[in-house]
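Letter 55 of the sequence shown, counting from 1, is numbered 87 in this note's numbering, and no numbers are missing.
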Amino acid sequence: METQHTFSLIYTRKPGILIRVALVLERRGYTIESMSTNSYDSNPDYWEMILTTEGDPEKLEQITRQLAKLIDVFSVQVLKEMYC
33 METQHTFSLI YTRKPGILIR VALVLERRGY TIESMSTNSY DSNPDYWEMI LTTEGDPEKL
93 EQITRQLAKL IDVFSVQVLK EMYC
């Protein structure tokens with residue numbers, strides 16, 4: 033069963049971060065449904081990316097760990113899970 037997930041990533045704004053995030057999700061069969069970025073409130077050097085994806089819920093923990101390992105990513109949180 034496909035499940036919708038919403039991730040929040042806190043990262044430093046540098047070239048290439050979007051493609052690295054997209055590749056992690058693509059390799060696990062996830063599709064990016066929507067994405068939004070904005071400067072992070074408490075520190076202007078950091079940015080926040082909100083991603084809504086759809087994919088296999090069994091791979092969620094692995095994807096979260098791999099996103100957190102990316103260079104320039106400081107925090108990854110799963111905000112919500114919705115069954116389609």
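All C-beta atoms, glycine included, are put in the ideal place defined by N, C-alpha and C.
Source: prediction; values computed, not measured.
Distance from the Cα of Glu90 is smallest, within the candidate group Tyr62, Leu55 and Tyr43, for Tyr62. Put simply, of Ala100, Thr69, Glu65 and Thr84 the residue whose alpha carbon is nearest the alpha carbon of Arg45 is Thr69. Take Gly87, set aside five residues on each side of it, and the residues of its chain with a beta-carbon closer than 6 Å to its own are Gly61 and Tyr62, in chain order.
For Leu57, same chain residues with a beta-carbon under 7 Å away, outside a window of 5 residues either side, are Ile64, Thr85 and Ile95 in chain order. Between Val110 and Leu41, the C-beta gap is not smaller than 8 Å, which leaves the two residues out of contact. By the CB criterion at 8 Å, Tyr78 and Phe39 fall outside the cutoff.
Distance from the CA atom of Pro47 to the CA atom of Glu34, rounded to whole angstroms, is 31 Å.
In the displayed model, Glu65 falls within a strand according to three-state DSSP.
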